[in-house]
Amino acid sequence: MIRNRKYIAGLLFVLVFLGKAVSFANEEDSIYTVHPPQLSVPSGKPGEIRRIIMQFHYWTLICDENKTVKQGICNVTQTIYNDKEGNKVFSWSLVSTKGGQPVMLLRTLPNANTNVPIQVFMEGVKKPLLISYKQCNKEICLAQYPIGPVLMEQISKSSNVRISYQLKEGKTLSFVTPFKGLSEALFSLQ
């Protein structure tokens, strides 16, 4: 009986939102692909910092442990490259603030139009997240967004999202990227 209720509730949920949400099912072949991040050696005295790297589908967990003070810092990162030129066009990381709050840290090209927010379209959600830029330098532009219930649901469902941002010359970069692997990476930290 309970199983039938779950089935009926799930079917009703799908029917209610059918046609009212963003879908990525009919996407054309993209020129953008997910790649593991390029890594560097952690700073510090030789042997002081231990770096652990684990791949979870499309996400990479990177943890640096200071063996002297027995303190670790981790982040989970995904990087998007343009297949035609092989250039990194976007990356984002799930990090924790000093206060312990989880946030997504987004990195775009340095010539991003910072007057136009980054848009994150999610399956089953009508309106995109609009994420304002925090700062830019000659290498990257940074934006930050707190992890709330909507993003947590998308992460737990391993959903695909479309990310779009505009360059100063007017061109818009837009690509679909998966959350698949992010929840597993977070679970591994427990």
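If you count the sequence shown from 1, position 39 lands on 47 in our numbering, and the numbers rise without skipping.
Using N, Cα and C, we set each Cβ at its ideal position, and we do this for glycine too.
All figures in this text were calculated on a predicted structure; none of them were measured in a lab.
Express the C-alpha separation of residue j and residue i in angstroms, rounding to a whole number.
i, j, result
"leucine 114", "glycine 156", "16 angstroms"
"tyrosine 89", "glutamine 79", "32 angstroms"
"asparagine 123", "leucine 181", "15 angstroms"
"alanine 151", "tyrosine 173", "11 angstroms"
"threonine 87", "valine 128", "15 angstroms"
"threonine 105", "tyrosine 153", "11 angstroms"
"tyrosine 40", "leucine 117", "14 angstroms"
"glycine 204", "isoleucine 139", "There is no way to answer for residue 204, as the model of the chain reaches only from 9 to 198."
"leucine 137", "valine 97", "19 angstroms"
"proline 54", "isoleucine 60", "15 angstroms"
"serine 196", "glutamine 109", "18 angstroms"
"lysine 135", "arginine 170", "12 angstroms"
"serine 99", "lysine 75", "28 angstroms"
"valine 111", "lysine 92", "31 angstroms"
"asparagine 121", "phenylalanine 183", "17 angstroms"
"aspartate 72", "glycine 107", "19 angstroms"
"glycine 178", "isoleucine 81", "37 angstroms"
Apart from the five residues just before and just after residue i, which ones in its own chain have a Cβ nearer than 6 angstroms to its Cβ?
i, result
"alanine 193", "Phe64, Trp67, Leu69 and Val84"
"serine 101", "Asn83, Thr85 and Leu113"
Should residue i go down as buried or exposed, given a rule of 16 or more other Cβ atoms within 10 Å for buried?
i, result
"methionine 160", "exposed"
"valine 133", "buried"
"serine 51", "exposed"
"lysine 146", "exposed"
"isoleucine 126", "buried"
"glycine 158", "It should be noted that the sequence gives valine, not glycine, for residue 158. So valine 158 ends up on the exposed side."
Grab me the residues of residue i's own chain with a C-beta within less than 7 angstroms of its C-beta, minus the 5 sequence neighbours each way, in chain order.
i, result
"serine 167", "Met130, Glu131 and Phe187"
"glycine 189", "Phe64, His65, Tyr66 and Trp67"
"valine 103", "Asn83, Val111 and Leu113"
"alanine 33", "Model confidence at alanine 33 stands at a pLDDT of 48, short of 50, so the residue's coordinates are unreliable; what they give is reported in the following sentence. Around alanine 33: no qualifying Cβ."
Short of 8 angstroms in beta carbon distance, which residues of its chain neighbour residue i, apart from the five on each side in sequence? Order them along the chain.
i, result
"serine 191", "Ile163, Ser164 and Ser166"
"glutamate 56", "Asn74, Lys75 and Thr76"
"isoleucine 148", "Arg115, Thr116, Leu117 and Pro118"
"lysine 176", "Asn119, Ala120 and Asn121"
Which residues does DSSP list as the beta-bridge partners of residue i?
i, result
"aspartate 199", "No information on residue 199 is available, as it lies outside the stretch 9 to 198 that the chain covers here."
"valine 128", "Leu137 and Ile171"
"lysine 96", "Tyr89"
"phenylalanine 64", "Trp67"
"proline 154", "Val111"
"proline 186", "Asn168"
"alanine 120", "Leu175"
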